[in-house]
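Read in order, the letters of the sequence shown are residues 4 to 282 in the numbering used here. Each residue gets a CB set at the ideal place from its N, CA and C atoms; glycine is no exception. Nothing here was measured: the structure is a model prediction, and the numbers come from that model.
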Amino acid sequence: MAVGPPGAAPNAEQRAQWGGDLGLLWAARAAQFEASAAGYDALLLEAAELAPGLQVLDVGCGTGSVTRKAAAAVAPDGTATGVDISGPMLQVAWDRSAGLGGVTFLEADAQVHDFAGRYDRVISRSGVMFFGDPPAAFANLARALRPGGRVAFVVWRSVAENAWMHQLMRALTGRMPPEPPPGPGAFGLADPERARALLEGAGLAEVGVEPCAAPVVLGRDVEEAFGLVRQILAGGLDGLGPADRERAIVALRAVLAEGAGPDGVALGSAAWLLTGRAL
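Listed below in C-alpha coordinates is the structure:
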(Lines of atoms letter the chains of each structure in order from A and count residues from 1; the text may use other names and numbers.)
(Lines give C-alpha, C1' and ligand atoms only; values in the text may rest on other atoms or scores of the structure.)
Protein backbone atom coordinates (compact mmCIF):
# COMPACT_ATOMS: atom_id res chain seq x y z
CA MET A 1 0.00 0.00 0.00
CA ALA A 2 1.52 3.31 -1.05
CA VAL A 3 1.30 6.39 1.11
CA GLY A 4 0.48 9.59 -0.72
CA PRO A 5 -0.94 10.40 -4.16
CA PRO A 6 0.36 8.75 -7.35
CA GLY A 7 3.82 10.03 -8.17
CA ALA A 8 4.51 11.17 -4.60
CA ALA A 9 7.73 10.18 -2.87
CA PRO A 10 7.43 7.00 -0.78
CA ASN A 11 5.98 7.67 2.68
CA ALA A 12 5.23 11.29 1.77
CA GLU A 13 2.42 11.59 4.31
CA GLN A 14 4.54 10.13 7.09
CA ARG A 15 7.36 12.49 6.16
CA ALA A 16 4.98 15.47 6.30
CA GLN A 17 3.59 14.44 9.70
CA TRP A 18 6.90 13.68 11.38
CA GLY A 19 8.62 16.63 9.75
CA GLY A 20 5.78 18.90 10.87
CA ASP A 21 3.62 19.27 13.96
CA LEU A 22 3.93 15.68 15.17
CA GLY A 23 7.71 15.73 14.96
CA LEU A 24 7.82 19.12 16.67
CA LEU A 25 5.69 17.75 19.52
CA TRP A 26 7.98 14.76 20.00
CA ALA A 27 11.04 17.01 19.83
CA ALA A 28 9.63 19.42 22.42
CA ARG A 29 8.82 16.56 24.81
CA ALA A 30 11.83 14.41 23.99
CA ALA A 31 12.59 13.40 27.57
CA GLN A 32 9.02 12.20 28.16
CA PHE A 33 8.78 10.30 24.91
CA GLU A 34 12.20 8.70 25.39
CA ALA A 35 11.22 7.51 28.86
CA SER A 36 7.76 6.32 27.85
CA ALA A 37 8.80 3.00 26.28
CA ALA A 38 12.30 2.70 27.75
CA GLY A 39 11.20 -0.48 29.51
CA TYR A 40 11.75 -2.28 26.21
CA ASP A 41 15.29 -1.03 25.62
CA ALA A 42 17.24 -3.67 27.53
CA LEU A 43 15.18 -6.46 25.95
CA LEU A 44 15.75 -5.05 22.47
CA LEU A 45 19.49 -4.59 22.87
CA GLU A 46 19.91 -8.04 24.41
CA ALA A 47 18.02 -9.64 21.52
CA ALA A 48 20.26 -7.79 19.07
CA GLU A 49 23.31 -9.47 20.62
CA LEU A 50 25.36 -6.30 20.57
CA ALA A 51 29.09 -6.53 21.18
CA PRO A 52 32.07 -4.16 20.97
CA GLY A 53 33.09 -3.30 17.43
CA LEU A 54 29.74 -3.88 15.71
CA GLN A 55 28.11 -1.42 13.32
CA VAL A 56 24.45 -0.79 14.28
CA LEU A 57 21.58 0.87 12.40
CA ASP A 58 18.67 2.14 14.54
CA VAL A 59 15.55 2.61 12.36
CA GLY A 60 13.00 5.25 13.30
CA CYS A 61 15.43 6.50 15.93
CA GLY A 62 13.48 9.63 16.84
CA THR A 63 15.47 11.66 19.34
CA GLY A 64 18.12 8.98 19.62
CA SER A 65 17.78 7.37 23.05
CA VAL A 66 18.11 3.80 21.75
CA THR A 67 20.87 4.84 19.34
CA ARG A 68 22.92 6.21 22.22
CA LYS A 69 22.44 3.03 24.27
CA ALA A 70 23.44 0.92 21.28
CA ALA A 71 26.56 3.02 20.77
CA ALA A 72 27.57 2.44 24.38
CA ALA A 73 27.09 -1.31 23.94
CA VAL A 74 29.38 -1.51 20.88
CA ALA A 75 32.05 0.93 22.14
CA PRO A 76 34.88 1.63 21.82
CA ASP A 77 35.32 0.58 18.20
CA GLY A 78 31.73 0.14 17.03
CA THR A 79 29.25 2.77 15.90
CA ALA A 80 25.50 3.30 16.01
CA THR A 81 23.69 5.25 13.30
CA GLY A 82 20.14 6.46 13.87
CA VAL A 83 17.94 7.02 10.81
CA ASP A 84 14.62 8.88 10.78
CA ILE A 85 12.51 11.02 8.46
CA SER A 86 11.85 13.65 11.13
CA GLY A 87 14.16 16.64 10.94
CA PRO A 88 12.89 18.17 14.22
CA MET A 89 13.50 14.97 16.14
CA LEU A 90 16.92 14.42 14.61
CA GLN A 91 17.98 17.91 15.64
CA VAL A 92 17.22 16.95 19.24
CA ALA A 93 19.05 13.66 18.73
CA TRP A 94 22.19 15.50 17.62
CA ASP A 95 21.91 17.96 20.52
CA ARG A 96 21.43 15.23 23.13
CA SER A 97 24.34 13.25 21.69
CA ALA A 98 26.85 16.10 21.65
CA GLY A 99 30.26 14.94 22.84
CA LEU A 100 29.46 11.24 22.56
CA GLY A 101 31.65 9.04 20.40
CA GLY A 102 30.39 6.42 17.99
CA VAL A 103 26.97 8.04 17.42
CA THR A 104 25.71 9.57 14.20
CA PHE A 105 22.32 10.36 12.67
CA LEU A 106 20.91 10.36 9.16
CA GLU A 107 17.73 12.01 7.85
CA ALA A 108 16.46 9.52 5.29
CA ASP A 109 13.59 7.17 4.46
CA ALA A 110 14.70 3.71 5.56
CA GLN A 111 12.28 2.13 3.07
CA VAL A 112 14.35 3.27 0.09
CA HIS A 113 17.72 4.57 1.33
CA ASP A 114 20.73 2.61 0.09
CA PHE A 115 22.53 1.45 3.24
CA ALA A 116 25.12 -0.44 1.17
CA GLY A 117 25.09 -3.59 3.31
CA ARG A 118 27.44 -2.14 5.89
CA TYR A 119 25.71 -3.01 9.18
CA ASP A 120 26.06 -5.94 11.56
CA ARG A 121 22.80 -5.16 13.33
CA VAL A 122 19.56 -3.39 12.41
CA ILE A 123 17.36 -2.52 15.39
CA SER A 124 14.24 -0.50 16.09
CA ARG A 125 12.02 0.29 19.05
CA SER A 126 8.55 0.96 17.63
CA GLY A 127 9.88 2.52 14.43
CA VAL A 128 9.21 -0.01 11.66
CA MET A 129 5.38 -0.01 11.60
CA PHE A 130 4.94 3.12 9.50
CA PHE A 131 6.20 2.10 6.06
CA GLY A 132 3.88 2.58 3.11
CA ASP A 133 5.31 -0.52 1.41
CA PRO A 134 6.35 -2.93 4.19
CA PRO A 135 7.67 -5.71 1.89
CA ALA A 136 9.95 -3.23 0.12
CA ALA A 137 11.00 -1.65 3.41
CA PHE A 138 11.95 -4.89 5.15
CA ALA A 139 13.74 -6.13 2.06
CA ASN A 140 15.75 -2.91 2.09
CA LEU A 141 16.59 -3.31 5.78
CA ALA A 142 17.69 -6.89 5.13
CA ARG A 143 20.00 -5.59 2.40
CA ALA A 144 21.51 -3.20 4.94
CA LEU A 145 22.98 -6.19 6.78
CA ARG A 146 26.25 -7.94 6.23
CA PRO A 147 26.01 -11.74 5.91
CA GLY A 148 25.18 -13.20 9.32
CA GLY A 149 23.91 -9.88 10.64
CA ARG A 150 20.85 -9.72 12.90
CA VAL A 151 17.68 -7.67 13.16
CA ALA A 152 15.76 -6.97 16.37
CA PHE A 153 12.57 -4.92 16.34
CA VAL A 154 9.99 -4.11 19.01
CA VAL A 155 6.50 -3.45 17.58
CA TRP A 156 3.16 -2.96 19.33
CA ARG A 157 0.67 -5.78 19.66
CA SER A 158 -3.08 -5.12 19.30
CA VAL A 159 -4.92 -2.09 20.65
CA ALA A 160 -6.87 -4.40 22.97
CA GLU A 161 -3.59 -5.54 24.56
CA ASN A 162 -2.25 -2.00 25.03
CA ALA A 163 -3.91 -0.23 27.92
CA TRP A 164 -1.98 2.97 27.23
CA MET A 165 -3.95 3.23 23.99
CA HIS A 166 -7.39 1.75 24.67
CA GLN A 167 -7.85 3.26 28.14
CA LEU A 168 -7.01 6.76 26.94
CA MET A 169 -9.10 6.48 23.78
CA ARG A 170 -12.05 5.07 25.71
CA ALA A 171 -11.78 8.00 28.13
CA LEU A 172 -11.81 10.37 25.16
CA THR A 173 -14.63 8.81 23.15
CA GLY A 174 -16.58 6.79 25.70
CA ARG A 175 -16.09 3.53 23.79
CA MET A 176 -13.46 0.91 23.13
CA PRO A 177 -11.42 1.86 20.06
CA PRO A 178 -11.51 -0.60 17.15
CA GLU A 179 -8.44 -2.36 15.86
CA PRO A 180 -7.05 -0.39 12.90
CA PRO A 181 -6.80 -2.15 9.52
CA PRO A 182 -3.34 -3.24 8.35
CA GLY A 183 -1.41 -0.24 7.11
CA PRO A 184 1.09 2.40 8.19
CA GLY A 185 0.62 3.26 11.86
CA ALA A 186 1.57 2.36 15.40
CA PHE A 187 -0.32 -0.96 15.24
CA GLY A 188 0.58 -1.84 11.68
CA LEU A 189 2.46 -5.00 12.72
CA ALA A 190 0.12 -6.13 15.49
CA ASP A 191 -0.64 -9.35 13.58
CA PRO A 192 2.26 -11.69 14.44
CA GLU A 193 1.81 -13.82 11.33
CA ARG A 194 1.96 -10.76 9.11
CA ALA A 195 5.11 -9.62 10.90
CA ARG A 196 6.71 -13.04 10.49
CA ALA A 197 5.79 -13.18 6.81
CA LEU A 198 7.36 -9.78 6.17
CA LEU A 199 10.68 -10.77 7.75
CA GLU A 200 10.77 -14.12 5.99
CA GLY A 201 9.74 -12.47 2.72
CA ALA A 202 12.70 -10.12 3.10
CA GLY A 203 15.00 -13.15 3.02
CA LEU A 204 15.78 -13.30 6.74
CA ALA A 205 16.34 -16.67 8.41
CA GLU A 206 15.67 -17.90 11.96
CA VAL A 207 12.79 -15.44 12.29
CA GLY A 208 11.42 -15.12 15.80
CA VAL A 209 8.20 -13.45 16.96
CA GLU A 210 8.05 -13.40 20.76
CA PRO A 211 5.62 -11.59 23.08
CA CYS A 212 6.99 -9.07 25.53
CA ALA A 213 5.55 -6.44 27.85
CA ALA A 214 6.61 -3.35 29.78
CA PRO A 215 4.81 -0.35 31.26
CA VAL A 216 4.47 2.83 29.23
CA VAL A 217 5.42 5.70 31.52
CA LEU A 218 3.66 8.91 30.49
CA GLY A 219 5.12 11.27 33.08
CA ARG A 220 6.55 11.67 36.55
CA ASP A 221 3.16 12.65 37.94
CA VAL A 222 -0.42 13.12 36.78
CA GLU A 223 0.07 16.75 35.77
CA GLU A 224 3.08 16.04 33.59
CA ALA A 225 1.37 13.00 32.07
CA PHE A 226 -1.82 14.93 31.37
CA GLY A 227 0.17 17.69 29.66
CA LEU A 228 1.53 15.12 27.22
CA VAL A 229 -1.81 13.37 26.71
CA ARG A 230 -3.58 16.71 26.20
CA GLN A 231 -1.22 17.55 23.36
CA ILE A 232 -1.40 14.11 21.75
CA LEU A 233 -5.21 14.09 21.86
CA ALA A 234 -5.64 17.78 21.06
CA GLY A 235 -7.51 17.13 17.83
CA GLY A 236 -10.00 14.81 19.46
CA LEU A 237 -10.55 17.00 22.51
CA ASP A 238 -10.88 20.21 20.53
CA GLY A 239 -13.50 18.58 18.31
CA LEU A 240 -15.82 17.96 21.27
CA GLY A 241 -18.44 20.31 22.62
CA PRO A 242 -17.75 21.97 26.00
CA ALA A 243 -19.65 19.41 28.09
CA ASP A 244 -18.18 16.38 26.32
CA ARG A 245 -14.71 17.91 26.46
CA GLU A 246 -14.95 18.39 30.22
CA ARG A 247 -16.23 14.82 30.62
CA ALA A 248 -13.31 13.51 28.58
CA ILE A 249 -10.76 15.52 30.56
CA VAL A 250 -12.13 14.20 33.85
CA ALA A 251 -12.04 10.64 32.47
CA LEU A 252 -8.48 11.05 31.15
CA ARG A 253 -7.26 12.38 34.47
CA ALA A 254 -8.91 9.44 36.24
CA VAL A 255 -7.08 6.95 34.01
CA LEU A 256 -3.77 8.69 34.69
CA ALA A 257 -4.42 8.90 38.44
CA GLU A 258 -5.11 5.17 38.52
CA GLY A 259 -1.75 4.54 36.86
CA ALA A 260 0.21 6.85 39.17
CA GLY A 261 2.86 5.26 41.36
CA PRO A 262 6.34 5.80 42.77
CA ASP A 263 7.91 5.34 39.33
CA GLY A 264 5.55 7.75 37.56
CA VAL A 265 2.28 7.37 35.69
CA ALA A 266 2.43 3.95 34.03
CA LEU A 267 -0.11 2.15 31.85
CA GLY A 268 0.19 -1.38 30.54
CA SER A 269 1.56 -2.19 27.11
CA ALA A 270 2.30 -5.27 25.03
CA ALA A 271 4.63 -5.76 22.07
CA TRP A 272 6.21 -8.31 19.78
CA LEU A 273 9.96 -8.82 19.69
CA LEU A 274 10.89 -9.62 16.08
CA THR A 275 14.28 -11.15 15.32
CA GLY A 276 16.00 -12.62 12.30
CA ARG A 277 19.35 -13.26 10.67
CA ALA A 278 20.74 -12.36 7.26
CA LEU A 279 22.08 -15.23 5.17
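Checklist entry - DSSP state of T278, grouped into three classes? => result strand
Checklist entry - Quick one, which of A96, P91, A54 has its alpha-carbon nearest T82's? => result Of the residues A96, P91, A54, the one whose Cα lies closest to the Cα of T82 is A54.
Checklist entry - What's the call for D241, buried or exposed, on a 16-neighbour Cβ count within 10 Å? => result The residue in question, D241, is exposed, as its Cβ has fewer than 16 Cβ neighbours within 10 Å.
Checklist entry - Pick from R199, P265, P150, R197: whose alpha carbon is nearest that of R223? => result P265
Item to check | DSSP state of I88 mapped onto helix, strand, coil | outcome: Three-state DSSP puts I88 in coil, outside helix and strand.
Next on the checklist: My parser needs the alpha helix (DSSP H) runs of 4 or more residues fully inside the segment 134-161; what are they?
Outcome noted: Runs of the alpha helix (DSSP H) inside the segment 134-161: 137-146.
Item to check | CA nearest to the CA of A174, picked from S89, R71, E249 | outcome: Ranking S89, R71, E249 by Cα distance to A174 puts E249 first.
Checklist entry - Out of L277, V232, G102, which has the shortest C-alpha to C-alpha gap to W29? => result V232
Checklist entry - Which two residues bound the contiguous beta strand (DSSP E) that contains E110? => result Start and end: 106-110.
Item to check | Nonlocal neighbours in the same chain, by C-beta distance under 7 Å from G42, ignoring five residues either side | outcome: A217, P218
Item to check | Limits of the beta strand (DSSP E) - the one that V212 falls within | outcome: 208-216
Checklist entry - By Cβ distance below 6 Å, which residues in the same chain neighbour A263 in space, the five residues on each side in sequence not counted? => result Only V225 meet the Cβ criterion.
Next on the checklist: Which of the three DSSP states is assigned to D124 in this structure?
Outcome noted: The sequence shown places Arg at residue 124, not Asp. In the structure shown, R124 sits in a strand (DSSP, three-state: E or B).
Item to check | Alpha-carbon spacing of V59 relative to Q234, whole angstroms | outcome: 33 Å
Next on the checklist: Does E49 pass the burial test, meaning 16 or more other C-beta atoms within 10 Å, or should it be called exposed?
Outcome noted: exposed
Checklist entry - Sorted by chain position, which residues of the same chain lie with C-beta nearer than 6 Å to P214's C-beta, five sequence neighbours on each side aside? => result none
Next on the checklist: Considering only their Cβ atoms, is the gap separating E182 from V212 smaller than 8 Å?
Outcome noted: no
Checklist entry - Cα-Cα, which of K72, F229, V77 is closest to Y122? => result V77
Next on the checklist: What does the alpha-carbon distance come out to for the pair L46 and G244?
Outcome noted: 43 Å
Checklist entry - Looking only at C-alpha atoms, which of G67, P150, L276, L221 sits nearest to A166? => result L221
Next on the checklist: Does R18 pass the burial test, meaning 16 or more other C-beta atoms within 10 Å, or should it be called exposed?
Outcome noted: With 16 or more Cβ atoms within 10 Å of its Cβ, R18 is classed as buried.
Checklist entry - Taking C-beta to C-beta, are V115 and V154 nearer than 8 Å? => result no
Next on the checklist: Once DSSP output is grouped into helix, strand and coil, what is the label at A101?
Outcome noted: coil
Checklist entry - Quick one: Cα of G239 to Cα of A251, how far? => result 10 Å
Checklist entry - D61 and T70 look like a contact to me (Cβ under 8 Å); what is the Cβ gap, rounded to whole Å? => result That belief holds up - the Cβ atoms of D61 and T70 are roughly 4 Å apart, short of 8 Å.
Checklist entry - Can you name the start and end residues of the beta strand (DSSP E) that D61 belongs to? => result 58-62
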